[in-house]
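A.B. asks:
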């Protein structure tokens with residue numbers, strides 16, 4: 167699995183105890199999660215950058231983990247939908263005329 171590193175240092179967060187916890191979470195982020203964008207924003211990176219000028223609470227670190235989980239599930243569901251669309255498009259259209 168390719169992975170990226172949304173580092174606290176590169177985002178501009180200090181390495182407090184919570185920062186270290188966030189580093190551990192961020193080290194496991196897949197490349198797909200890092201690159202997942204909505205309206206042109208990479209969600210995981212944007213969320214961290216919006217909080218760079220202050221320390222993160224433990225609850226915010228947990229929220230970030232939940233965001234990553236939701237993004238991973240969204241990517242899975244989108245892939246399933248894409249597969250279903252391809253399967254439907256591959257079937258010949260049948261029209262019942264009265």
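In my numbering, the protein residues as written are 167 to 264.
All residues carry an ideal CB built from backbone N, CA and C; glycine is no exception.
1) Pull up the CB-CB distance for residue 233 and residue 213, whole angstroms please, since I reckon it's below 8 Å.
2) Which residue spans inside the region 201-253 form an unbroken alpha helix (DSSP H) run of at least 4?
3) Between residue 254 and residue 200, what straight-line distance do the alpha-carbon atoms span, to the nearest angstrom?
4) Let me make sure I understand the geometry here. Which of 222, 237, 260 has the alpha-carbon closest to that of residue 204?
5) Taking just the CA atoms, how far does residue 249 sit from residue 209?
6) Where residue 247 and residue 207 are concerned, what is the direct C-alpha to C-alpha distance, given to the nearest angstrom?
C.D. replies: Put simply:
1) 6 Å
2) Taking only runs of at least 4 residues, the alpha helix (DSSP H) segments lying wholly in the region 201-253 are 209-215.
3) 30 Å
4) 237
5) 24 Å
6) 22 Å
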